[in-house]
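A short worksheet on the structure shown next.
Residue numbers (this note's numbering), protein chains in the order written: chain A, 1 to 499; chain B, 500 to 998.
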């Protein structure tokens, strides 16, 4: 193997270990850290990030990348690895260190103000800081655009969804936006014709909810000898393949939210655990994009766990966990609870039918702001207009509108599309999985995820980032990302003929 | 300020943040991490340690240190800071990177074998690996000895107790070894003349023990908005001043061990919290040595919390925690429980009278091994001889002898003396504190640590490493480290005339 390529692998291994360390410090910050530690922890993370930046901007990396790109004896994995390294290098080196630092500072300040602004429903209070942050983000986007040779918004999106273009996203999203209004009406009509789903009466003690969550997560394949389940306000998945850290939150009045969050995060963890071991610590051993990552959580949560076969099995487990008796504990009622659809203001509480509308709105607005076509001061009005167009509702205030998400205020721009890409990829992969292995759905009916997981490990997980999301979909499903499978899934689930 | 000095401060700030990050990864490893994460975490820590090494061995550090040492306009804190930086630099750069790596590897392997060897009482199984490790440690000691210009054993000890000499340690330890036999007999005679201390009947649920531990820790001054209490097999103290992480373990049959461990670790945490804020992240803002650090835990545990006034107050709290009633819950019985003395084989369970004997034994043996005067194969015999000389007992097997401690097998040599230095410093400081503020002991009788902590913050904590341990003791007590105060404390407590 060439010295240049070998040196790059060694360097990116160090970068990956540094990223993992930063990830652990962040996990602890979210899950364990007492409030007094915030500043000290921020300093630690900033120090590690600076070391990361220095390792990546070392001139030897550029030299080795140039050399490795000229090599002709690399195998496909190695060649893809070099491409992924170059992409990551471009993202890190494109933006001047001073601008990175100023943006991080502005994001921290804006996020802090936003926390209060959201509670107090006071968009004006965060507007100056938000405008300043946007200015810096736009400068960063311009710098990345020059390096990546794509438009500024695409340069931001590229960090999360490498290679994604606005042309593609527009195609997917416009199609869904056109499909949604009539479909949603129909879903709501069908839903209204059926019994109203009703929550069993709580309270449901946290201890018992947690035991149930662990049981269900283990059914999917989670191994607590190599992972943890903890509690946070916003559920997330972190850690490393050998040590997955998932979190959820518990509502003592409603056990369904904790369960579904755990199943969702378990999907992320299973993907991480299935990564190709021989490419551990290399960019090609990671994910082709966050849409693919999200698809793995949504296959477990939306495709598998909110399906009627799974809920029918899970109902028995759930009843046993809470000593539940009576009609409200029936599989039918629990299934209806898990598949309720409603127009709503809050993205994170939205069902899978309306969720993409929330994402499409944010995509359009953030792109307009990055392109300079929408001023921050005009955001509340644009938000209301967008919600009216997409979902035919208008939020009563900014707390239920443009102040609801941390994204943007924390400096993350271009991330939103990955949620809906993930939903579409999930549907397309799950349809292919079902076709390839007719034992998958019957498996779910007995709480057996093994057939599904075996298929995912083989066709998705162990490929890492060897193929782009579209190339992987073509290999496995015969075509690139196509919203048809997602729409077919929704029609089948929500217009299901029960007669 | 000179460029060289300013550059050094910036560099050591980065090193400190890197050390803190490593510390957090280690804390998580001990407290939270599932077993599956061991290898991945070791890789992360190794990567951060390599970065630390690279930052420290950067040639610019040597140049700046030379320049800074020639500066005449540094104030006392800055000048001491440069001395401490040089010492740390010497420790890091003295040993070739290959030797560091080989030693780390050998230590990991030996520690793993030791875990089984201890359980199976099989010293022979760890002997080959242990011998190899010792060889590498001796090579490292020789390299450090050349750099520090002291004998090899002192070079190892210097990492934990900067500037300590074997001449001083011999003086302190020989004095105590001569004092102990007759004194111990007398203590045991006095103890035998009094009622036998007896544990109240359990079980004592972990939940209630933990609540009690938190209450007592808060009484000392621990603030749970800036710290955590968790559970580990071996109690320890970690984290950073703004985010203290202390641990304990719970025995449902005996609540006293958890309480005393928490009070001990709280003492460490209070010291960390009291470090001079304006020297945060600088060597001069840390501790002059681990003996001083240990003294702060022992002042809280041994001097204050095992005192009759404190136990009298705590007895009320303890009774309330467990609904205790009757003679076994009396302050007298609880005090006798907290001050039991006995010859024993296990260091970590030893009382404060016999503890130094365990340390003296280890000091003598590890020094002989480093000096080449004792071969590892002869360790079990030398251990038995030493225990007979010092405590007049012989362990029945190696599990109760030379296999009991992780030290040595994990590569830590030269650390043991700090425990007894800490006990002696604690007694000397506590005597001075009592003299300076006559409200300290009456405070303890009402659970009020404020007078003691105020004194410690002012006279010890906020000085960081501005003075060496001896210099600090001279400032505060009028003389350098002297075992007299420790012996006086033991006489007063254990030969107390109750008539």
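Cβ atoms here follow ideal geometry from the backbone N, Cα and C, with glycine treated the same way. The structure presented is a predicted model; accordingly, all values stated were derived computationally and were not measured.
Listed along chain B, the residues sitting closer than 7 Å to residue 224(A) by beta-carbon distance are 533.
Here the alpha carbon of residue 854(B) sits roughly 15 Å from the alpha carbon of residue 796(B). Going by DSSP, residue 42(A) is part of the alpha helix (DSSP H) stretching over 38 to 57. As far as DSSP is concerned, residue 692(B) takes part in no beta bridge.
When the alpha-carbon of residue 916(B) is set against those of 584(B), 666(B), 958(B), the nearest one is in 666(B).
Here residue 817(B) is buried: its Cβ has 16 or more other Cβ atoms, across all protein chains shown, within 10 Å.
At a beta-carbon threshold of 8 Å, none of the residues of chain B lie near residue 100(A); the nearest stands roughly 17 Å away. If you check the CB distance, residue 563(B) and residue 507(B) come in under 8 Å. In this structure, residue 646(B) places its C-beta atom within 8 Å of the C-beta atom of residue 593(B). Residue 727(B) has 744(B) as its beta-bridge partners, per DSSP. Rounded to the nearest whole angstrom, the CA to CA distance from residue 160(A) to residue 736(B) is 39 Å.
With contact defined as three or more Cβ pairs closer than 8 Å, the region 127 to 147 of chain A and the region 334 to 344 of chain A are not in contact. Cα atoms of residue 860(B) and residue 844(B): separation of roughly 12 Å, rounded to the nearest angstrom.
The three-state secondary structure of residue 501(B), taken from DSSP, is coil. With the criterion set as a beta carbon lying under 9 Å from some beta carbon of chain A, the members of the region 523 to 554 of chain B are 523, 524, 526, 527, 530, 531, 532, 533, 534, 535, 536, 537, 538, 539, 540, 542, 543, 544, 545, 546, 547, 549, 550, 554, in sequence order. Residues of the region 218 to 242 of chain A with a C-beta less than 9 Å from any C-beta of chain B: 223, 224, 225, 226, 227, 228, 230, 239, 240, 241, 242, listed in chain order. Rounded to the nearest whole angstrom, the CA to CA distance from residue 872(B) to residue 651(B) is 13 Å. The beta carbons of residue 504(B) and residue 589(B) sit no closer together than 8 Å. Per DSSP, residue 297(A) has no beta bridge partner at all. Under the three-state reduction of DSSP, residue 443(A) is assigned to helix.
At a Cβ-Cβ threshold of 8 Å, residue 241(A) and residue 275(A) count as neighbours.
Per DSSP, reduced to three states, the secondary structure at residue 891(B) is coil, with no helix or strand assignment.
Judged by beta-carbon spacing, residue 931(B) lies beyond the 8 Å limit of residue 959(B), meaning their Cβ atoms are not closer than that value.
One thing to note: residue 966(B) has its Cβ no nearer than 8 Å to the Cβ of residue 923(B). 577(B) is the residue among 523(B), 577(B), 524(B) whose C-alpha sits nearest the C-alpha of residue 777(B). Taking 8 Å as the threshold, the shortest C-beta distance from residue 8(A) to chain B does not fall below it.
A buried status is given to residue 805(B), since no fewer than 16 other beta-carbon atoms sit within 10 Å of its beta-carbon. The beta-carbon of residue 115(A) is placed no less than 8 Å from the nearest beta-carbon of chain B. Of all C-beta pairs linking the region 188 to 206 of chain A to the region 441 to 455 of chain A, fewer than three are shorter than 8 Å, placing the two stretches out of contact. Considering only 514(B), 738(B), 693(B), 642(B), the residue with the shortest C-alpha distance to residue 41(A) is 738(B). For residue 863(B), the closest alpha carbon among the candidates 614(B), 633(B), 673(B), 601(B) is that of 673(B).
Taking C-beta atoms as the reference points, residue 707(B) and residue 762(B) fail to come closer than 8 Å. The beta-carbon of residue 18(A) is placed less than 8 Å from the nearest beta-carbon of chain B. Beta-bridge analysis with DSSP links residue 239(A) to 244(A). Residue contact with chain A for residue 777(B): absent (no Cβ-Cβ distance below 8 Å to any residue of chain A). Counting of Cβ neighbours within 10 angstroms places residue 133(A) among the buried residues, the total reaching 16 or more.
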